[in-house]
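Enquirer:
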């Protein structure tokens, strides 16, 4: 198994801890606590029990027979993270970090969210474990994800609107880090992706690797061998890293991350960080990010609030530069078309994030022989996106 990050929190040259001095002690405390408790059988047992008895794991690895027949190529399996409690893979990490916060004696929880899936997951575990909770969310994402805002409020969480910048996930992350600096004594920051300063990319990956661990075991049971290709959407990259990680050492398994091309790579309305980004420091770590000609962070765009982010986790940057994983762009329109196609062939409405992975699957599956196997991470369900989808489709399908 890949042993990265190193002692400095780096994946090759990526990662690290680029934060104000006031946050260093909090990150060191977090790293020490994680190393201590992640080796504690009582801690791992509590996390495992919640994943099984509360969230409903293991999630199914479902053979999408009609989708496979319709595309006429490789066999397609869907790793159904949409069947988790709260409807997305985000609950895996939220449970793990909340149990860690409890062990560390913290009383309050904060988080950031874009699509609302991480916010709902955090609000859920805060209610379950009795934490006071605030979730920071950009005003634009609040507009796009009203249902999830209502769900968080219903769970007793305060949703704090962020009005700076593009009023999306990037700005919510900035605001959450600023708030944490002045409240580190009693507050735990549940970061939602494999981004940010060390040790967060490692912690989130470790709590999300259950997706890949289960998929690996399930495909061996169902097909007797490993898949030829694993596909997942990539914003910050938590669901992709979760399903990639247990396959990284299997060199015959291709790993493919799908990022948001928005209106197209010929425009500035996209979030294709790996395709168009450059190396730089962003929100506490060294990775790829979208920058303008002056080195300033470029605003990202995606139809999907969860992919509307100009950075990416440092371990993904490492996998790209070492050519262990491929990263490809999918436009808003291609994702919308894929969402409708999967809905009508399999009776499964994916989240807009996951629809990007389905769109890439629709491109690549017909080019592969029928005896090849693709596993796709269906990271979340589309209920949260239905109002947005209706407005994008303009009533053409009603």
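In the UniProt record's numbering, the protein residues as written are 1 to 398. Virtual Cβ for every residue (Gly too), placed ideally from N, Cα, C.
Please say whether residue 225 and residue 246 have beta carbons closer to each other than 8 Å?
Expert: In this structure, residue 225 does not lie closer than 8 Å to residue 246 by Cβ.
Enquirer: Residue 398: buried (16+ other C-beta within 10 angstroms of its C-beta) or exposed?
Expert: Residue placement at residue 398 cannot be trusted, given a pLDDT of 40 that sits under 50; what the coordinates show is reported in the next sentence. Classification for residue 398: exposed.
Enquirer: At which residues does the alpha helix (DSSP H) containing residue 312 begin and terminate?
Expert: No alpha helix (DSSP H) contains residue 312, which DSSP labels as neither H nor E.
Enquirer: Taking buried to mean at least 16 other C-beta atoms within 10 Å of its own C-beta, is residue 390 buried or exposed?
Expert: The residue is exposed, with fewer than 16 neighbouring Cβ atoms inside 10 Å.
Enquirer: Rank 33, 63 and 100 by C-alpha distance to the C-alpha of residue 45 and give the top, closest one.
Expert: When only C-alpha atoms are compared, the closest one is 100.
Enquirer: Under a three-way DSSP split, which group does residue 55 fall into?
Expert: It is helical.
Enquirer: Considering only DSSP beta bridges, list what residue 399 is partnered with.
Expert: Nothing about residue 399 can be reported from this structure: the residues present for the chain run from 1 to 398 only.
Enquirer: Going by alpha carbons, who is nearest to residue 168 out of 235, 128 and 321?
Expert: Of the candidates 235, 128 and 321, the one whose C-alpha sits nearest the C-alpha of residue 168 is 235.
Enquirer: Jot down the residue ranges of each uninterrupted beta strand (DSSP E) in the region 266–291, minimum 3 residues, whole runs only, in chain order.
Expert: Segments of the beta strand (DSSP E) lying fully in the region 266–291: 278–282 and 285–289.
Enquirer: How long is the line joining the alpha carbons of residue 76 and residue 228, rounded to whole angstroms?
Expert: Taking the straight line joining both Cα atoms gives about 11 Å.
Enquirer: At what residues does the alpha helix (DSSP H) containing residue 345 begin and finish?
Expert: Taken as a continuous stretch (DSSP letters only), the alpha helix (DSSP H) holding residue 345 covers 332–346.
Enquirer: What separation, rounded to the nearest whole angstrom, lies between the Cα atoms of residue 252 and residue 374?
Expert: C-alpha separation (whole angstroms): 13 Å.
Enquirer: Tell me the rounded alpha-carbon separation between residue 442 and residue 154.
Expert: No answer is possible for residue 442: the residues shown for the chain start at 1 and end at 398.
Enquirer: Leaving out five residues on either side along the sequence, give the residues of the same chain with a beta carbon under 6 Å from the beta carbon of residue 73.
Expert: Same-chain partners within the cutoff: 365, 366 and 368.
Enquirer: In the structure shown, what three-state DSSP assignment does residue 61 receive?
Expert: The answer is strand: DSSP assigns residue 61 an E or B state.
Enquirer: Would you decide whether residue 164 is buried or exposed? Buried here means 16 or more other CB atoms lie within 10 Å of its CB.
Expert: Classification for residue 164: exposed.
Enquirer: Residues in the same chain with beta-carbon distance under 6 Å from residue 97, minus the five sequence neighbours each way, listed in chain order, please.
Expert: Excluding residues within five positions, the ones whose Cβ falls inside 6 Å are 190.
Enquirer: Taking Cβ to Cβ, would you say residue 197 is nearer than 8 Å to residue 27?
Expert: Yes, these two residues count as a Cβ contact at 8 Å.
Enquirer: My assumption, with CB atoms under 8 Å, is that residue 78 sits in contact with residue 64. Please give the rounded CB distance.
Expert: Correct: roughly 5 Å between the Cβ atoms.
Enquirer: Residue 188 to residue 70, Cα distance in whole Å?
Expert: Spanning the two alpha carbons is a distance of roughly 47 Å.
Enquirer: Is it right to say residue 162 is buried, meaning 16 or more other beta carbons lie within 10 angstroms of its own, or is it exposed?
Expert: Answer is buried; the Cβ neighbour count reaches 16.
Enquirer: With H, G and I counted as helix, E and B as strand and the rest as coil, what does DSSP make of residue 191?
Expert: In this structure, residue 191 counts as coil in the three-state DSSP scheme.
Enquirer: So for residue 113, helix, strand or coil by DSSP?
Expert: Of the three classes helix, strand and coil, the one that applies to residue 113 here is strand, per DSSP.
Enquirer: Looking at the structure shown, is residue 98 part of a helix, part of a strand, or coil, going by DSSP?
Expert: It is helical.
Enquirer: Alpha carbon to alpha carbon, how far is residue 264 from residue 287? Give it in angstroms, no decimals.
Expert: Cα to Cα, the separation comes out at about 23 Å.
Enquirer: Can you tell me which of 382, 388, 386 and 291 puts its alpha carbon nearest to the alpha carbon of residue 84?
Expert: Taking only the C-alpha atoms, the option nearest residue 84 is 382.
Enquirer: Which same chain residues, not among the five before or five after residue 184, have their C-beta less than 6 Å away from its C-beta?
Expert: Taken in chain order, the residues that qualify are 26.
Enquirer: What whole-angstrom Cβ distance do residue 232 and residue 257 have, given they're in contact under 8 Å?
Expert: 6 Å between Cβ atoms; contact.
Enquirer: Could you have a look at residue 8 and say whether DSSP puts it in helix, strand or coil?
Expert: Correct three-state label for residue 8: coil.
Enquirer: Could you say which of 10, 82, 58 and 104 lies nearest to residue 29 if we only look at CA atoms?
Expert: The shortest C-alpha separation from residue 29 is found at 104.
Enquirer: Looking only at its own chain, which residues have a Cβ that is under 7 Å from the Cβ of residue 102, when we skip the five neighbours before and after it?
Expert: For residue 102, where only same-chain residues beyond five positions count, the Cβ hits under 7 Å are 129.
Enquirer: Measuring only the C-alpha atoms, how far is residue 118 from residue 5?
Expert: Taking the straight line joining both Cα atoms gives about 24 Å.
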